[in-house]
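**Student:** Below is one structure. I have some questions about it.
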């Protein structure tokens with residue numbers, strides 16, 4: 016199950032590990048999860064503003 020890093024330091028650590036091991040798929044998964052999290056956070060804030 017994918018995990019979104021909680022802190023900036025954790026995210027950088029994962030990215031460095033990704034580049035060190037040349038795991039390009041992991042990089043794109045992280046980017047996708049990050050984009051999804053931003054989308055869900057913005058959708059959540061829109062819903063709470065309308066309530």
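In the working numbering, the protein residues as written are 16 to 66. No residue lacks a Cβ here, since even glycine has one placed at the ideal position from N, Cα and C.
1. Would DSSP call residue 18 helix, strand or coil?
2. Distance check for residue 53 and residue 41, CA to CA, integer angstroms please.
3. Applying the 10 Å Cβ sphere with the 16-neighbour rule, what's the burial state of residue 45?
4. Could you round the C-beta distance between residue 48 and residue 19 to whole angstroms and report it? I think they count as a contact, below 8 Å.
**Tutor:** A quick look at the data gives this:
1. coil
2. Here the alpha carbons of residue 53 and residue 41 stand approximately 18 Å from one another.
3. buried
4. 5 Å
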